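Chains as they are written, first to last, in the numbering used here: chain R, 43 to 140; chain E, 43 to 140.
2 protein chains.
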Amino acid sequence: MSTVGLKLRELREKSGFSLRKAAVAIDIDMAILSKMERGERKFSKELVLKLAKLYNTDSNELIIGFLSEKVIYELADEEFGIEALKVAEKIIKYKKIQ
Amino acid sequence: MSTVGLKLRELREKSGFSLRKAAVAIDIDMAILSKMERGERKFSKELVLKLAKLYNTDSNELIIGFLSEKVIYELADEEFGIEALKVAEKIIKYKKIQ
DNA sequence: TTACCTTTGACAAAATTAGTCAACACAAAA
DNA sequence: TTTTGTGTTGACTAATTTTGTCAAAGGTAA
Chain R
43 MSTVGLKLRE
53 LREKSGFSLR
63 KAAVAIDIDM
73 AILSKMERGE
83 RKFSKELVLK
93 LAKLYNTDSN
103 ELIIGFLSEK
113 VIYELADEEF
123 GIEALKVAEK
133 IIKYKKIQ
Chain E
43 MSTVGLKLRE
53 LREKSGFSLR
63 KAAVAIDIDM
73 AILSKMERGE
83 RKFSKELVLK
93 LAKLYNTDSN
103 ELIIGFLSEK
113 VIYELADEEF
123 GIEALKVAEK
133 IIKYKKIQ
């Protein structure tokens, strides 16, 4: 169960960026990026997109991971998390047709 | 696609509570309950539970609706909302076994 | 040592969310 | 026609959460 942070750290290292340089490139404080990669802070969608671009990677999978983490966070240890997801899915699908 | 607010308003009316009395019973300002029922403000889980109890109703379905609304809110108009839900579901199911 | 790299925590700033309150509108009863 | 009870609205403040800044410190390698 790899996180978006983990993936983005791997991508950064593969791309040869130091934390400092990547942070400068997307215009945030290095401390924040460090915390985001380690899951101590949440990414914003905007930053995920910027980093995907910086690392020359397709962003779709990263965004999906990012969004799913947000959802999981909301449902934390909810007893009816799965049921809620099912309902949400139905509604979203319904909305799409309209 | 009825919302939790709508359901709770119906339940309140069926139970014969005025907005004021229901609000007093769960110890919040009437204005807030009014806005929540109409979807202008988000419920908290705690309040949903209190209201379910007040109206003598099973809370499970209400909670599922409440949670799914939170999820939908997070995914707003995301292109990959459905995909994110699928990933989230897998991860949550996986977590449950552990 | 010097030069990087990264982590950590304290702190401040900004933004979001929650709560309070009074004014208003409406309808029905006294 | 006042009074009473209903619900809505918006302005305002308070509280909480999120976000950003910064400096100190611990590694590692040249």
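Ideal Cβ placement from N, Cα and C applies to all residues, glycine included.
Predicted model, so just to flag it, every value in this text is computed and none were measured.
Residues of its chain near residue i, where Cβ-Cβ distance is below 6 angstroms and the 5 sequence neighbours each way are ignored
i, result
"residue 107 of chain R", "46"
"residue 83 of chain E", "77"
"residue 94 of chain E", "101, 104"
Boundaries (first-last residue) of the alpha helix (DSSP H) holding residue i
i, result
"residue 82 of chain E", "Segment: none, residue 82 of chain E is in no alpha helix (DSSP H) and carries neither H nor E."
"residue 94 of chain R", "87-96"
"residue 58 of chain R", "Looking at the DSSP string, residue 58 of chain R is not in any alpha helix (DSSP H), and its letter there is neither H nor E."
"residue 131 of chain R", "123-139"
"residue 103 of chain R", "102-117"
Spatial neighbours of residue i in its chain, beta-carbon cut-off 8 angstroms, leaving aside the 5 residues before and after
i, result
"residue 123 of chain E", "117"
"residue 62 of chain E", "72"
"residue 98 of chain R", "57"
"residue 90 of chain E", "46, 50, 101, 104, 105, 108"
"residue 74 of chain R", "65, 83"
"residue 120 of chain R", "126"
"residue 136 of chain E", "none"
Per-residue contacts from residue i into chain E (C-beta, under 8 angstroms)
i, result
"residue 122 of chain R", "102, 105, 106, 109"
Neighbouring residues, chain E, relative to residue i (Cβ below 9 angstroms)
i, result
"residue 79 of chain R", "The contacting residues do not exist; residue 79 of chain R stays about 19 angstroms from chain E at best."
"residue 94 of chain R", "By Cβ distance, chain E contributes nothing, its closest Cβ being about 13 angstroms from residue 94 of chain R, past 9 angstroms."
7 angstroms CB neighbourhood of residue i in its chain, flanking five on each side removed
i, result
"residue 81 of chain E", "45, 47"
"residue 92 of chain R", "68"
"residue 53 of chain E", "97, 99"
"residue 79 of chain R", "47, 50, 51"
Proximal residues of chain R, C-beta to C-beta of residue i below 7 angstroms
i, result
"residue 48 of chain E", "Those within 7 angstroms of residue 48 of chain E in chain R number zero; the least Cβ separation is about 14 angstroms."
"residue 130 of chain E", "110, 113, 114, 127"
Check: residue i C-beta below 8 angstroms from any heavy atom of the ligand MG
i, result
"residue 97 of chain E", "As presented, the structure is devoid of all ligands, the ligand MG included, so that no description of it is given."
Residue i: contacting residues in chain E (beta-carbon distance under 7 angstroms)
i, result
"residue 90 of chain R", "Chain E residues near residue 90 of chain R: none, gap ~12 angstroms exceeds 7 angstroms."
"residue 125 of chain R", "106"
Where residue i meets chain R, residues with beta-carbon distance less than 9 angstroms
i, result
"residue 117 of chain E", "109, 112, 113, 130, 134"
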